[in-house]
Amino acid sequence: MTRTDSRALTADELRADLTLEQLQQLVGLVEYDDSRDPFPVIGMDAICFVVGNATQAAAYYQLAFGMELEAYRGPETGHRESKSYVLRSGSARFVLSGGVSPDSPLLDHHRAHGDGVVDLALEVPDVDRCIAHARAMGARVLEEPHDVSDAHGTVRVAAIATYGETRHTLVDRSAYDGPYLPGYVARRSAVDAEFVGRARRDQPRRLFQAVDHCVGNVELGRMDEWVDFYNRVMGFTNMAEFIGDDIATEYSALMSKVVASGNHRVKFPLNEPAIAKKKSQIDEYLEYYDGAGCQHIALATNDIVRTVDVMRSRGVEFLDTPASYYDDPALRARIGEVRVPIEELKARGILVDRDEDGYLLQIFTKPVGDRPTVFYELIERHGSLGFGKGNFKALFEAIEREQEARGNL
Ligand SMILES: [Fe+2]
Numbered sequence: 001m002t003r004t005d006s007r008a009l010t011a012d013e014l015r016a017d018l019t020l021e022q023l024q025q026l027v028g029l030v031e032y033d034d035s036r037d038p039f040p041v042i043g044m045d046a047i048c049f050v051v052g053n054a055t056q057a058a059a060y061y062q063l064a065f066g067m068e069l070e071a072y073r074g075p076e077t078g079h080r081e082s083k084s085y086v087l088r089s090g091s092a093r094f095v096l097s098g099g100v101s102p103d104s105p106l107l108d109h110h111r112a113h114g115d116g117v118v119d120l121a122l123e124v125p126d127v128d129r130c131i132a133h134a135r136a137m138g139a140r141v142l143e144e145p146h147d148v149s150d151a152h153g154t155v156r157v158a159a160i161a162t163y164g165e166t167r168h169t170l171v172d173r174s175a176y177d178g179p180y181l182p183g184y185v186a187r188r189s190a191v192d193a194e195f196v197g198r199a200r201r202d203q204p205r206r207l208f209q210a211v212d213h214c215v216g217n218v219e220l221g222r223m224d225e226w227v228d229f230y231n232r233v234m235g236f237t238n239m240a241e242f243i244g245d246d247i248a249t250e251y252s253a254l255m256s257k258v259v260a261s262g263n264h265r266v267k268f269p270l271n272e273p274a275i276a277k278k279k280s281q282i283d284e285y286l287e288y289y290d291g292a293g294c295q296h297i298a299l300a301t302n303d304i305v306r307t308v309d310v311m312r313s314r315g316v317e318f319l320d321t322p323a324s325y326y327d328d329p330a331l332r333a334r335i336g337e338v339r340v341p342i343e344e345l346k347a348r349g350i351l352v353d354r355d356e357d358g359y360l361l362q363i364f365t366k367p368v369g370d371r372p373t374v375f376y377e378l379i380e381r382h383g384s385l386g387f388g389k390g391n392f393k394a395l396f397e398a399i400e401r402e403q404e405a406r407g408n409l
């Protein structure tokens, strides 16, 4: 049996110069003994996207999100069907793929779903053990465990299906030292490091350090089925539960539950629409993504104010937060003292939530593609292990107060 120490840093975290203390704060790591875990998970390996134009998306994530290009696979490396760019920020790795040959299956996927997440890949210490457990628990195995090798060593991989057309590839890269996976070559960014601030002393080296959580939107009535899937198949535990009134206003309603790996490095909130007077934001996603899929990815930062300022200056659009959210005396009483003066948060539209463990600062981008589907969250945690539950209702109601003031509610 393979053991992993949940207090040890992963290879990706070590490369990102992250310390355990930083990580505990950034993503809310908890101590965990995985010796009895039937499906031990080291952490997120990569978030893999299919996009309409990977070449341009790679430039967007380098310029606007400050990510660094690390690896590439495409026609020039003997892979004629598609192009893939591997980008990194801290321990977070994104892989952006687009079809090149007209018969590429990626083009069919893109026709149906638009830009989106196809794979929430997980690094595991023992692929075969995970697959054996997943199969016994009824998971659909999309790829049997197999070795992939090149001059850098061998990676063992397999894949299981999750909601919609999303998968979890399982990767054991303990015997591999290449830039990503066999078939990929190291590729450096053509973007000027000075321009994006990486080489400047007065700028942060990166805009975010890790992936905090990845949210899935599933069909009405199917949230509990997927919570059960993660409990049974992957041994994930339920972290927090938001039902009904927590996220419901008279007009916007959704239900959400959160599952997490033992040490909380991997956290997957799952949303389903709830019946309300108007179309839920989850329904809108399901319609435009043509089914269940990944709704948003939360990126952990230790300086959300700086990150928002830089990203906004590079053209990233964030959701507006009405001034009434900040002027609400109940909010001010609820959040107490936080690192950043509330006027600074108000100027940027950054939200605050507090629970018994501490507080968090968060903000959401607008959808980054053409369809109203995938978007990002920036999150700065200070002890809170939550997801901004207190903000859902406050934010939605604040929006509705604005609507009412305009006579539109
Ligand atoms: Fe979130």
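For the sequence shown, full-length UniProt numbering assigns the number 1 to the initial residue and increments by one for each residue that follows. Every residue gets a Cβ at the ideal spot worked out from N, C-alpha and C, and that includes glycine.
Residue i: beta carbon under 8 Å from a heavy atom of ligand 1?
| i | result |
| --- | --- |
| H264 | no |
| I342 | no |
| E377 | yes |
| H146 | no |
| P367 | no |
| A298 | yes |
| Q362 | yes |
| V215 | yes |
| G388 | yes |
| P269 | yes |
Could you check if residue i is buried or exposed, using at least 16 other CB atoms within 10 Å of its CB as the buried criterion?
| i | result |
| --- | --- |
| S89 | buried |
| E68 | buried |
| S35 | exposed |
| T19 | exposed |
| R188 | exposed |
| S149 | exposed |
| F94 | buried |
| F14 | A small fix is needed here, since residue 14 is Leu in this sequence, not Phe. Burial call: exposed. |
| residue 410 | One cannot answer for residue 410 here, as it falls past the ends of the chain, which runs 1 to 409. |
| P102 | exposed |
| S313 | exposed |
| I275 | exposed |
| K267 | buried |
| T10 | buried |
| H110 | buried |
| R265 | buried |
| F195 | exposed |
| T2 | Because the pLDDT at T2 is just 41, under 50, the model does not fix this residue reliably, and the point stays unresolved. |
| A298 | buried |
| T113 | Before going further, note that residue 113 is His rather than Thr in the sequence given. That one is buried. |
| T162 | buried |
| R406 | exposed |
| T4 | With a pLDDT of only 47 at T4, under 50, the local geometry of the prediction cannot be trusted, and the value read off the model is given with reservation. Buried. |
| D119 | buried |
| A323 | exposed |
| G315 | exposed |
| V30 | exposed |
So residue i and residue j are in contact, right, with Cβ under 8 Å, and what is the actual spacing, rounded?
| i | j | result |
| --- | --- | --- |
| R167 | Y289 | Between Y289 and R167 the Cβ distance is about 15 Å, and since that is not below 8 Å, they are no contact. |
| H126 | D177 | First, the amino acid is wrong: residue 126 is Asp here, not His. That pair is no contact at about 19 Å. |
| V141 | A151 | The Cβ separation is near 29 Å, so there is no contact. |
| A139 | V258 | Contact doesn't hold; Cβ gap of about 20 Å is too wide. |
| R354 | Q25 | Not really, about 15 Å apart at Cβ, beyond 8 Å. |
| I335 | G349 | So it is not a contact: roughly 15 Å between Cβ atoms. |
| A253 | G386 | Contact doesn't hold; Cβ gap of about 20 Å is too wide. |
| F208 | T307 | 6 Å |
| A16 | S91 | 5 Å |
Residues in its own chain within less than 6 Å of residue i by CB, not counting five upstream and five downstream?
| i | result |
| --- | --- |
| G164 | G291, A292, G293 |
| L96 | F49, V51, A54, A57, A58, Y85 |
| V27 | A210, D212, A300 |
| R73 | H79, S84, G183, Y184 |
| G383 | D357, G358 |
| V215 | P269, Q295, H296 |
| G43 | T10, E123, R265 |
| residue 419 | Because the chain in this structure spans residues 1 to 409, residue 419 falls outside the shown range and cannot be described. |
Leaving out five residues on either side along the sequence, give the residues of the same chain with a beta carbon under 8 Å from the beta carbon of residue i.
| i | result |
| --- | --- |
| K366 | E317, F318, L319, F375 |
| D115 | F49, V50, V51, G52, A57, V368, G369, D370, R371, T373, V374 |
| G221 | E272 |
| I160 | I131, A134, A139, R140, V141, L142, R167, H168, L170, V233 |
| V100 | G74, P75, R80, E81, S82, K83 |
| G390 | R334, D353, R354, D355 |
| Q62 | E68, L69, L87, S189, V191, V196 |
Counting only the same chain and skipping the five closest in sequence on each side, list residues whose C-beta sits under 7 Å from that of residue i.
| i | result |
| --- | --- |
| E284 | P372 |
Scan the UniProt domain "VOC" (210–366) and note each continuous beta strand (DSSP E) run of 3 residues or more that stays entirely inside, going in chain order. 210–217, 237–242, 254–260, 267–273, 293–300, 351–355, 358–364
Return the chain-ordered ranges of every beta strand (DSSP E) run that is complete within the UniProt domain "VOC" (43–173) and spans a minimum of 3 residues. 43–50, 68–73, 82–89, 92–99, 116–123, 141–150, 153–161, 167–172
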